[in-house]
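Reviewing the structure listed below.
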Amino acid sequence: MAKDTKTNAMRKLDSMGISYKEHYYTDTDAVNGMEIAQVLGEDPSRVFKTLVTVGKTGAHYVFLVPVDRELDLKKAAAIAGEKSIAMLKSKELLPLTGYVHGGCSPIGMKKFFPTTIHISALEYETICFSGGRIGFQIEMSLMDLKQVIPFSLGDIIID
1 MAKDTKTNAM RKLDSMGISY KEHYYTDTDA VNGMEIAQVL GEDPSRVFKT LVTVGKTGAH
61 YVFLVPVDRE LDLKKAAAIA GEKSIAMLKS KELLPLTGYV HGGCSPIGMK KFFPTTIHIS
121 ALEYETICFS GGRIGFQIEM SLMDLKQVIP FSLGDIIID
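Take the sequence shown: its position 3, counting from 1, is numbered 3 in the numbering used here, and each next residue is one higher.
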């Protein structure tokens, strides 16, 4: 893979010497997480989407949930210590994180935001998530991810 095709997230991992596996799906029209999991031949419950939210206080939070599940905003608010949480508007994503909708990685955002990953991630040796650009996915272990960004685990999906 040529250096210019690396994303900010991949460059950060490379600079830290942290191993990861790259997945590309640029030759497809897959746009949502379920389609991406199918194109990659992965179990949707180990492919995670990165969701950026804003709390009632105006603070921002990042949540990673399996692509086949939905974020429970009440549970997310409780974990964040907020009265309520809402999804960030798409147009606000790029200026805030440096990433576009569909290509938002928890690694390499302009600024770090408190991050929670659904507890089901513990069931897998590795999980997949956006590599920081549409068409790019990163696969790595939670242990390795913990070296890059601090995160907590929690029950944050709709049952």
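Beta carbons: idealized from backbone N, C-alpha and C, even for Gly.
Query: Quick one: using the 10 Å Cβ neighbour count with 16 as the cut-off for buried, is Asp155 buried or exposed?; Result: exposed
Query: Which runs of the alpha helix (DSSP H), 4 residues or longer, sit entirely within the stretch 64-141?; Result: 73-80 and 90-97
Query: So Ser152 is in the alpha helix (DSSP H); what residue range does that whole segment cover?; Result: Segment Ser152 to Gly154 is the beta strand (DSSP E) holding Ser152; no alpha helix (DSSP H) there.
Query: In this structure, how does DSSP classify Thr50 when only helix, strand and coil are distinguished?; Result: strand
Query: From Asp43 to Glu82, what distance separates their C-alpha atoms?; Result: 32 angstroms
Query: According to DSSP, is Ile158 helix, strand or coil?; Result: coil
Query: Could you check whether Val52 and Leu96 sit closer than 8 angstroms to each other, using their CB atoms as the reference points?; Result: yes
Query: Leaving out five residues on either side along the sequence, give the residues of the same chain with a beta carbon under 8 angstroms from the beta carbon of Lys110.; Result: Leu96, Thr97 and Gly98
Query: Nearest to Asn32 by alpha carbon, out of His23, Val47 and Ser19?; Result: Val47
Query: Beta-carbon separation of Val100 and Ile18 under 8 angstroms?; Result: no
Query: Looking at C-alpha atoms only, which residue of Leu40, Leu153 and Tyr20 is the closest neighbour of Thr116?; Result: Leu153
Query: Would you tell me roughly how many angstroms separate the C-alpha atoms of Glu22 and Gln137, rounded to the nearest one?; Result: 6 angstroms
Query: Output the boundary residues of the alpha helix (DSSP H) element that contains Glu42.; Result: It is not in any alpha helix (DSSP H) - Glu42 carries neither H nor E in the DSSP assignment.
Query: Please state whether the Cβ-Cβ distance between Thr7 and Ser90 is less than 8 angstroms.; Result: no
Query: Which stretch, first to last residue, makes up the alpha helix (DSSP H) that contains Lys12?; Result: Asn8 to Met16
Query: Which value, in whole angstroms, describes the spacing of the CA atoms of Met1 and Gly55?; Result: Any reading at Met1 must be qualified, since the residue scores a pLDDT of 45, below 50, and its modelled position is unreliable; no value is offered.
Query: Could you tell me the boundaries of the beta strand (DSSP E) in which Tyr24 lies?; Result: Lys21 to Tyr24
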